[in-house]
């Protein structure tokens with residue numbers, strides 16, 4: 035039997051960082067370029083960190099070039115663990131048991147499909163002790179469009195398994211309409227969960243295959259895979 039590949043978003047799906055990403059980015063901007071917000075007009079949910087960074091740079095009339103990006107990223111990754119420790123983040127309902135149960139199954143492979151920079155994703159997951167189960171992923175380092183991140187995750191999964199993948203065996207799990215769209219882009223099954231900033235009604239309008247209020251009853255999720 036072909037394995038079921040579960041691709042999880044991070045922010046709003048696995049965990050709530052308490053705004054650590056935004057805080058760390060704003061601290062990095064202040065340290066490196068001596069500029070400050072507000073940045074309330076720059077959306078983050080469902081977007082890639084590369085797209086967010088480009089918008090932040092444009093907001094402050096900074097050139098998006100390596101000599102600006104490299105020190106910014108260094109400062110961001112340095113500030114992120116501090117922000118995570120200082121803010122009231124949490125793992126979302128049902129996630130620890132859901133991930134533990136999935137990890138024990140021989141027919142399930144766990145990966146990430148996130149807009150986070152790879153290093154940022156690792157730092158967030160490590161802080162909340164969720165880093166071990168995820169063997170591969172698609173990240174927001176090189177793509178503006180989340181659909182391309184989904185394609186990256188799909189390609190990474192095939193490379194890791196050493197075989198072609200039937201999209202019907204892929205499950206994308208996320209908390210935004212962008213997660214639903216990117217799952218559709220690779221022909222995957224899509225599970226939406228209303229633990230982020232989008233309501234159950236808003237997510238229903240994006241027409242996921244399945245929609246949960248949260249994963250407190252994670253057995254319902256497991257049933258879908260059987």
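Numbering (the numbering used here), first residue to last: 35 to 260. Cβ coordinates follow ideal geometry from the N, Cα and C atoms, glycine included.
| Item | Value |
| --- | --- |
| If we ignore side chains and look at the alpha-carbon of each, how far apart do residue 210 and residue 231 end up? | 8 angstroms |
| Could you say if the stretch 203 to 219 and the stretch 235 to 244 meet the contact criterion of at least three C-beta pairs nearer than 8 angstroms? | yes |
| When DSSP labels each residue in this structure, what does residue 42 get in the three-state scheme? | strand |
| What's the C-alpha gap between residue 54 and residue 256? | 30 angstroms |
| With a Cβ-Cβ cutoff of 8 angstroms, do residue 111 and residue 145 count as a contact? | no |
| Taking only the alpha-carbon atoms, compute the straight-line gap between residue 89 and residue 100 and give it to the nearest angstrom. | 16 angstroms |
| With 16 as the cutoff for other CB atoms within 10 Å, does residue 234 come out buried or exposed? | exposed |
| Do the stretch 191 to 202 and the stretch 147 to 154 touch if we need at least three Cβ pairs shorter than 8 angstroms? | no |
| Residue 208 lies in the beta strand (DSSP E); which residues open and close that run? | 204 to 208 |
| Output needed for residue 220: all residues of its chain with C-beta closer than 7 angstroms, excluding positions within five of it in sequence on either side, in chain order. | 184, 185, 188, 201, 204 |
| Could you check which residue in 252, 39, 254 has the C-alpha nearest to that of residue 142? | 39 |
| Just grab the DSSP bridge partners of residue 225 for me. | 207, 244 |
| Is the beta carbon of residue 121 less than 8 angstroms from the beta carbon of residue 52? | yes |
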